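**Student:** With the working numbering, the residue at position 345 of the sequence shown is 351, and numbering never jumps.
Where is the CB? At the ideal position from N, CA and C, for every residue including glycine.
Note that the structure is a prediction, hence the values are computed from the model and not measured.
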Amino acid sequence: MALSEASFRSMEPLSGKEPLIATPLQLVCAHCGLPVPKGLIEANSTEQFCCGGCKMAFRIIHSNGLDHYYQMADRREKATLTNRDLSSSSTRFDDFDQPAFLETFGQKINDDIHQITLQLGGIHCAACIWLIEKLPRIVPGVIEVKLNWARKTAQVCWQPTIVRLSQIAQSLYQLGYTPHPIRENEREALRRNENRQHLVRIGVAAAAAGNNMLFATSLYLGMFAHMAVDMGQLLRVASCVVGLVSLFWPGRVFLNGAMNAIRTRTPHMDLPIALGLTVGGLAGVVNTIRGVGEIYFDSLSVLVFLLLVGRWIQFRQQNLAADSVEMLYRLTPKKARKLVNGQPVETFVDLVQVGDLLSVFAGDLLPVDAKIVQGTTDIDESILTGESKLQRKQVGDFVLAGTLNQSSPITIESIATGRETRLSKIVELVEQATLDKPQIVEWANRIGSYFVVTVIGLATLTFGIWLWIDASVAVDRTVSLLVVACPCALALATPLAISVALGRAAKRKIMIKGGDVLQLLDRPGMIWLDKTGTLTEGKLEVREWHGDSKWKPLVATLESKSSHPIARAITDYVGPSNRAADLERNFSVVDHLGQGIACELSEMKVLIGNEKLLNENGVEIDRKSRILADQILAENLAPCWIAANQEIVGIVAIGDKLRANTLSAIDQLRSAGWKVGILSGDHQRIVNQVAERLGIQHSMALGAQTPEQKVEMVKQSFGEFETVVMVGDGVNDSAALAAASVGIAVHNGAEAS
Numbered sequence: 007m008a009l010s011e012a013s014f015r016s017m018e019p020l021s022g023k024e025p026l027i028a029t030p031l032q033l034v035c036a037h038c039g040l041p042v043p044k045g046l047i048e049a050n051s052t053e054q055f056c057c058g059g060c061k062m063a064f065r066i067i068h069s070n071g072l073d074h075y076y077q078m079a080d081r082r083e084k085a086t087l088t089n090r091d092l093s094s095s096s097t098r099f100d101d102f103d104q105p106a107f108l109e110t111f112g113q114k115i116n117d118d119i120h121q122i123t124l125q126l127g128g129i130h131c132a133a134c135i136w137l138i139e140k141l142p143r144i145v146p147g148v149i150e151v152k153l154n155w156a157r158k159t160a161q162v163c164w165q166p167t168i169v170r171l172s173q174i175a176q177s178l179y180q181l182g183y184t185p186h187p188i189r190e191n192e193r194e195a196l197r198r199n200e201n202r203q204h205l206v207r208i209g210v211a212a213a214a215a216g217n218n219m220l221f222a223t224s225l226y227l228g229m230f231a232h233m234a235v236d237m238g239q240l241l242r243v244a245s246c247v248v249g250l251v252s253l254f255w256p257g258r259v260f261l262n263g264a265m266n267a268i269r270t271r272t273p274h275m276d277l278p279i280a281l282g283l284t285v286g287g288l289a290g291v292v293n294t295i296r297g298v299g300e301i302y303f304d305s306l307s308v309l310v311f312l313l314l315v316g317r318w319i320q321f322r323q324q325n326l327a328a329d330s331v332e333m334l335y336r337l338t339p340k341k342a343r344k345l346v347n348g349q350p351v352e353t354f355v356d357l358v359q360v361g362d363l364l365s366v367f368a369g370d371l372l373p374v375d376a377k378i379v380q381g382t383t384d385i386d387e388s389i390l391t392g393e394s395k396l397q398r399k400q401v402g403d404f405v406l407a408g409t410l411n412q413s414s415p416i417t418i419e420s421i422a423t424g425r426e427t428r429l430s431k432i433v434e435l436v437e438q439a440t441l442d443k444p445q446i447v448e449w450a451n452r453i454g455s456y457f458v459v460t461v462i463g464l465a466t467l468t469f470g471i472w473l474w475i476d477a478s479v480a481v482d483r484t485v486s487l488l489v490v491a492c493p494c495a496l497a498l499a500t501p502l503a504i505s506v507a508l509g510r511a512a513k514r515k516i517m518i519k520g521g522d523v524l525q526l527l528d529r530p531g532m533i534w535l536d537k538t539g540t541l542t543e544g545k546l547e548v549r550e551w552h553g554d555s556k557w558k559p560l561v562a563t564l565e566s567k568s569s570h571p572i573a574r575a576i577t578d579y580v581g582p583s584n585r586a587a588d589l590e591r592n593f594s595v596v597d598h599l600g601q602g603i604a605c606e607l608s609e610m611k612v613l614i615g616n617e618k619l620l621n622e623n624g625v626e627i628d629r630k631s632r633i634l635a636d637q638i639l640a641e642n643l644a645p646c647w648i649a650a651n652q653e654i655v656g657i658v659a660i661g662d663k664l665r666a667n668t669l670s671a672i673d674q675l676r677s678a679g680w681k682v683g684i685l686s687g688d689h690q691r692i693v694n695q696v697a698e699r700l701g702i703q704h705s706m707a708l709g710a711q712t713p714e715q716k717v718e719m720v721k722q723s724f725g726e727f728e729t730v731v732m733v734g735d736g737v738n739d740s741a742a743l744a745a746a747s748v749g750i751a752v753h754n755g756a757e758a759s
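#1: Specify, as a first and last residue, the run of the alpha helix (DSSP H) that LEU634 falls within.
#2: Assuming THR338 contacts LEU371 under a Cβ cut-off of 8 Å, what Cβ separation, rounded to an integer in Å, is found between them?
#3: Looking at ILE174 and VAL210, is the spacing between their C-beta atoms short of 8 Å?
#4: Would ALA376 and VAL405 qualify as a contact pair, given that the criterion is a beta-carbon distance under 8 Å?
#5: Is it true that the region 274-283 meets the region 256-266, where meeting means three or more beta-carbon pairs spaced less than 8 Å apart?
#6: Could you give the residue range of the beta strand (DSSP E) that holds ARG665?
#7: In this structure, does DSSP put ASP442 in helix, strand or coil?
#8: If I measure Cβ to Cβ from ILE471 and keep anything under 6 Å in the same chain, skipping five residues before and after, which residues do I get?
#9: Taking the alpha carbon of ILE648 as the point to measure from, which residue in ARG343, TRP551, PHE64 and ILE421 has its own alpha carbon closest?
#10: Can you give me the C-alpha to C-alpha distance between GLU53 and LEU171, rounded to a whole angstrom?
#11: Taking ASP762 as the reference, which of PRO146, ALA671 and GLN176 has the closest Cα?
#12: Can you tell which of LEU743, GLN695 and VAL693 has its C-alpha closest to the C-alpha of PRO713?
#13: Assuming ALA63 and LEU181 form a contact by the criterion Cβ under 8 Å, report the distance between their Cβ atoms to the nearest whole angstrom.
#14: DSSP has GLN397 in a bridge; who is on the other side?
#15: According to the Cβ coordinates, are GLY299 and ASP476 closer than 8 Å?
#16: In chain order, which alpha helix (DSSP H) runs of at least 4 residues are fully inside the region 229-263?
#17: Between the region 620-639 and the region 656-675, can you find at least three pairs of beta-carbon atoms closer than 8 Å?
#18: Where DSSP assigns a beta bridge to GLU606, which residues make up the other side?
#19: What runs of the alpha helix (DSSP H), each 4 residues or longer, lie entirely inside the region 532-566?
#20: For GLY228 and GLY216, which I take to be in contact (beta-carbon distance under 8 Å), what is that distance rounded to the nearest angstrom?
#21: Comparing alpha-carbon positions, which option in ASP103, VAL162 and LEU541 lies nearest ASN667?
#22: Any idea what DSSP makes of LEU26, helix, strand or coil?
#23: May I ask you to list the residues that DSSP assigns as paired with TRP474?
#24: Give me, in chain order, the residues of the same chain whose beta-carbon lies closer than 6 Å to that of LEU526; leave out the 5 immediate sequence neighbours on both sides.
#25: If the criterion is Cβ atoms closer than 8 Å, does the pair TRP534 and MET732 meet it?
#26: Determine the burial state of ASP118: buried for a count of at least 16 other Cβ atoms within 10 Å of its Cβ, exposed for fewer.
#27: For THR167, is the classification buried or exposed, using 16 other Cβ atoms within 10 angstroms of its Cβ as the cut-off for buried?
#28: Please list the terminal residues of the continuous alpha helix (DSSP H) segment that includes ASP117.
#29: When burial is assigned at 16 or more other CB atoms within 10 Å of the CB, is TYR226 buried or exposed?
#30: If we count Cβ pairs, one from each stretch, closer than 8 Å, do we get three or more for the region 240-255 versus the region 353-368?
#31: What's the gap between the Cα of ILE692 and the Cα of HIS704?
#32: Please go through the same chain and pick out, in chain order, the residues whose beta-carbon is closer than 6 Å to the beta-carbon of LYS61, but skip the five residues on each side of it.
#33: Does the distance from the C-beta atom of GLY687 to that of ALA710 stay below 8 Å?
#34: Is the beta carbon of VAL162 less than 8 Å from the beta carbon of LEU108?
#35: Considering only residues of the same chain and omitting the five flanking positions on each side of ILE760, which have a CB-CB separation below 6 Å?
#36: Buried or exposed for MET610, please, with buried defined as at least 16 other CB atoms from any protein chain shown within 10 angstroms of its CB.
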C-alpha cells in the first residue's frame, strides 16, 4: 500500500525520542508510540493510531491545546497503561449519576456545585498530574481538579446543571485514567500492590548486591594470589551482567525519575543519582570489554540496594500520613440507640436521619449533632472546643457528635448527621489544610540541579587536568570522580540518618510522620501551644483544701458515690484508705445535677457542691468564706463548697494543673530562638493566668478560640515567621496542626490529631 510522505512522519515521536519498536515498514502510534497494526493504517493521514482508545485520547488532548503532555510523558510507560485501560469499550459509568451514589461518595457544596473524590488508576508521572488537572479545559462544567499524588486520588468540583458525573468519569477514562469511588478495600489493595513492587525491587537489588560483593571480594583477593587472567575476566563479566541487571531492573526507578525531572524541568535528587549510575555503568561495561580498569559494579549494586531501602521507608511514612486524617472519623461511635415506638433499638449511625430520636446513656459518645429533648446532663466538649470544664446541658440545648455524655442519660433529636456534623466539618478543615499546604521539597532535591552542574564541571576539569598530566588515566580518574561524587551524603546518608532519628524518637514514644519535619524544626519561628491537655494535664484535681481536715474522710466517702469528675478529683485527693468506712452502709446520697450532692445523716445534713446548691438549701455564706472563694476564683480555680448543718465547714479549690515540665520546656524553646504563644478554647481569664505563670505576654495568650480561629491565627503567623508550629492534643487543634509548618500532637491527642 502506498503511503504519503506525511504519513511516515508519524514515526517520529512528539517527545523527540527514537521510534519505539518500529521498523522502517511500521508506523508508530501518535499517542502511545507503539507500532500501528497494518489493518489500522490510514493512508494520507499524518497521525496513525494503534487502537481506537489512543485515537480518542489523542483527539481530546490535541483539541484542547494540551500537546505539551507528549513532551512531558514517558510514552513507553504510557503505552502499557493506555492499552490496558482503553481496550475495553464496555466499561460504563451510568451508576455515577445515581442519587444513592452521589449521596454516598459525593458532597453537595451548594445547589450549583458538587464535589467528589475519586481513586484514579494509571497515574505514574508528572505529566499525568499536569493533564488531569487540566480537565476543566476539556470538560465544560468542571470547575477544579486537585490531584493528591500520594493517595492517587482526584478531588473534582463540577456543576451538575452543565455536566453529569458520568461524563466526567468517561472523559478521565478516555484519557487513560480509570476512576473509581474510594472504597477502603480497594485502596488497601492498591497500597499492598505498590508495597509488593517496592519489596520485589529491594529483593532483586539485594541479590545483585550480595553476588557482586562476592565477585569483588574474589577479584580483590586474586590480586594478591595471582589469579589467572581468564578467571579474573570471567568474574568481571559475571559482575558486569549482575550489575546491569541491578541498574536496569530495580535501578530503573531512579533512571525514570531522572528522565521525568528533565522533561518537567523539576530539580530532583534522582538526577545526580542517575548520572552516577549511568556513567559508572558505562565505564564498567567498557572496562569489562577491554579487560582492564575498574568496573564499579559492586559499588553501584550496593548503592541501588540501599537507596531503594530508603525509598521504601519513605513510602511507608507516606502511608502513615495518608491514614492520619481518616483516624478522625473513628472518634464517633459506629452505632446509636434509635427510639422506635419509645423503645431504644440499636442501629448504625450511618442510617440515622435528621429528626430521629436517640437515647444516649451516661458515658456514651454522642453519635450526631443534636438537640436535647429530655434530661439534663454534663457534657465533656474538650475534644472539640478545648474547654476543660464540663458543660451543663438541659432540654433545648445543642450537643455535638464526638463529645462525651458524662453524668446522666438523655434523649436527643438529630439535627445533623454524617458530613454535616461539627466533627466532620473539622475533618474537612484538616483535609483542606493538607491539600492547600505546599509540598515541602527536601533540601537535597532543591540543590540537585546545582549539584549536577557542579559535578559535571569538576569532572570536565579533572579530565582536562589529567589529560595534560597523563592521558592514559584521564578517563578512569574522571569516571571515578563521578561515581564517588554520586550524592550518597544527600540521597543515602540523609534518609538513613533521618530513619535513625525516627527510630530513636519512637523508643521515647514520639511518632514523627516524616523526615522533612526535622528539617523544618531546625529553623526557629513561632510556636503556638494549646492549653488544656498540652500545657496542663487535662485532669481536674484538688489544688487547695480550706477547712478542718477532720471532714476529709466524710466528704471522700460521700463523693465516692458520685461519678462526676469533681467528685473523682476529691476522692483521689483524699485517698481510699482515708474514707469513713463505718458510714458505708448508713447513708444515701441525693445527686443534684449541675449543683452537687446532698446527704442526710442521723445527726446532720451535708452539702457538697457549688454556690447554687447552698442557696437552694438555705445556707448563708459568711464574709470570710466569701473572701476566700473570691481568692480561689482569682487564681482561676473553681470553689467547691462543703456545708454541714447549714454552716460552711470547708472550701475545696478545683483546678487543672500545669505539667511538671511545662515551664522548663518553654524556657528551652525561648533560649533556642522560638517565640511562644497560647491558643486555647478555655476562658480568656484562665488563659491569662496560665500565661502569667509561664512568662508569656497576654497579647500572645488567646483564649476562647474556635478551631477556625486557631487555623486563621496560624495562617496569619506565616506573614511574620517562616516556620510556624502548632502543639495540641484534641480534634479542635487538628485543623491548625495541618495548617502549620509542623503540627505536634501530644499526650492522648496523637490518635485524633
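**Tutor:** Reading it off the structure:
#1: Per DSSP, LEU634 belongs to the alpha helix (DSSP H) from 629-640.
#2: Rounded to the nearest angstrom, the Cβ distance from THR338 to LEU371 is 6 Å, consistent with a contact under 8 Å.
#3: No, the pair does not count as a contact, with Cβ atoms beyond the cut-off.
#4: Yes; because the gap between Cβ atoms is below 8 Å, this pair is in contact.
#5: Using a Cβ-Cβ distance cut-off of 8 Å, the region 274-283 and the region 256-266 are in contact, since at least three pairs of beta carbons, one from each stretch, lie closer than that value.
#6: Counting along the chain, ARG665 falls outside any beta strand (DSSP E), and DSSP gives it neither H nor E.
#7: Reliability of the predicted coordinates at ASP442 is poor, the pLDDT of 47 falling under 50, and no value is obtained from them.
#8: Hits under 6 Å: none found.
#9: In terms of CA proximity to ILE648, TRP551 leads the group ARG343, TRP551, PHE64 and ILE421.
#10: Approximately 31 Å, taken between the alpha carbons.
#11: Residue 762 lies beyond the range of the chain shown here (7 to 759); nothing can be said about it.
#12: When LEU743, GLN695 and VAL693 are compared, the shortest CA-CA separation from PRO713 is found for LEU743.
#13: Between LEU181 and ALA63 the Cβ distance is about 6 Å, and since that is below 8 Å, they are a contact.
#14: DSSP output for GLN397 lists ILE385 as bridge partner(s).
#15: No, the Cβ-Cβ distance between GLY299 and ASP476 is not below 8 Å.
#16: Qualifying alpha helix (DSSP H) stretches, in chain order: 235-254.
#17: Below 8 Å, enough C-beta pairs join the region 656-675 and the region 620-639 to call them touching: three or more.
#18: The partner list for GLU606 (beta bridge, DSSP) reads LYS611.
#19: Runs of the alpha helix (DSSP H) inside the region 532-566: 558-565.
#20: For GLY228 against GLY216, the beta-carbon gap comes to about 19 Å, at or over 8 Å, which does not count as contact.
#21: When only C-alpha atoms are compared, the closest one is LEU541.
#22: At LEU26, the pLDDT of 35 sits below 50, so the modelled position is not reliable and the matter cannot be decided from this model.
#23: According to DSSP, which records beta bridges pairwise, TRP474 is partnered with nothing at all.
#24: For LEU526, where only same-chain residues beyond five positions count, the Cβ hits under 6 Å are THR729, SER747 and VAL748.
#25: Taking 8 Å as the Cβ cut-off, TRP534 and MET732 qualify as a contacting pair.
#26: Around the CB of ASP118, fewer than 16 other CB atoms lie within 10 Å, so the residue is classed as exposed.
#27: Exposed, by the Cβ-count rule.
#28: Taken as a continuous stretch (DSSP letters only), ASP117 belongs to no alpha helix (DSSP H), as it is neither H nor E.
#29: Classification of TYR226: exposed, given that the 10 Å Cβ count is below 16.
#30: No, the region 240-255 does not touch the region 353-368.
#31: In this structure, the straight-line span from the alpha carbon of ILE692 to that of HIS704 is close to 11 Å.
#32: Closer than 6 Å at Cβ, skipping near neighbours: PHE55.
#33: Against a cut-off of 8 Å, the Cβ pair of ALA710 and GLY687 comes out as a contact.
#34: Result no, Cβ atoms of VAL162 and LEU108 do not sit closer than 8 Å.
#35: Residue numbering for the chain in the displayed model covers 7 to 759; residue 760 lies beyond these limits and cannot be assessed.
#36: It counts as exposed.
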